[in-house]
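Numbering (the working numbering), first residue to last: 66 to 194.
In what follows, a single structure is set out as structure tokens and then discussed.
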Amino acid sequence: MDYYTVSGIIEKNDMRMWMVNPELMCSKHLLGEHVELHMLAGCLQRGKNIDGFLKGGLVDPSLLHVRHEALVREMEKRGYQHRSPIENCDYPLIKGDVDVQANVVELSSRCEDCRALFDEAGRTHVDSI
Ligand SMILES: [Zn+2]
Ligand SMILES: [Zn+2]
66 MDYYTVSGII EKNDMRMWMV NPELMCSKHL LGEHVELHML AGCLQRGKNI
116 DGFLKGGLVD PSLLHVRHEA LVREMEKRGY QHRSPIENCD YPLIKGDVDV
166 QANVVELSSR CEDCRALFDE AGRTHVDSI
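Below, the structure written as structure tokens:
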């Protein structure tokens, strides 16, 4: 199963909530995380085991909906259309533990565009939903 985005194919096991301030993410990472939120919702709805993602600090299902709203708001500000609501769901939204500061460091090393936005904003403003 492949997931296509404007940036290409996202590996199916690369499911990650960055939880970095959406305003400070480049569009590639903004849209990428959005797709991954839908993947996470799909996994939860199908009752898939996501322990590995939880243990790895990659996702926080308890923030799935609020994070989705935040990303969509920023996507719409940038002119992207959004037609993929995450349905209200009856699965338990387990609390995860995502280290936002570590993700800022990770994104900075992976992506010049994100790094430029972080540097411009100053490191203290990067970690809001
Ligand atoms: Zn969506
Ligand atoms: Zn980026």
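Positions of the beta carbon are idealized from the N, C-alpha and C atoms, including for glycine.
From the listed residues R148, L182 and F118, the smallest Cα separation to S92 is found for L182. Assigned with DSSP and collapsed to three states, H94 falls in helix. Annotation: the region 139-171 contains no complete segment of the beta strand (DSSP E) (minimum length 3 residues). For D79, the three-state secondary structure derived from DSSP is coil. Around H133, the same chain offers L102 and I151 as residues with beta carbons nearer than 7 Å, after the five sequence neighbours per side are excluded. In this structure, the beta-carbon distance from E88 to E139 falls below 7 Å. Put simply, the residues with a CB less than 7 Å from any heavy atom of ligand 1 are H99, L102, H103, H133, V137, H147, S149, P150 and I151, in chain order. For the options R111, G187, Q110 and G117, the alpha carbon positioned closest to that of G161 is the one of G117.
With the criterion CB distance below 5 Å from any heavy atom of ligand 2, the matching residues run C91, H94, C176, D178 and C179 along the chain. Residue environment analysis places P157 among the exposed positions, since fewer than 16 neighbouring C-beta atoms fall within 10 angstroms of its C-beta. Inclusion of D125 and V163 in the CB contact set at 7 Å is warranted, their separation being smaller than that value.
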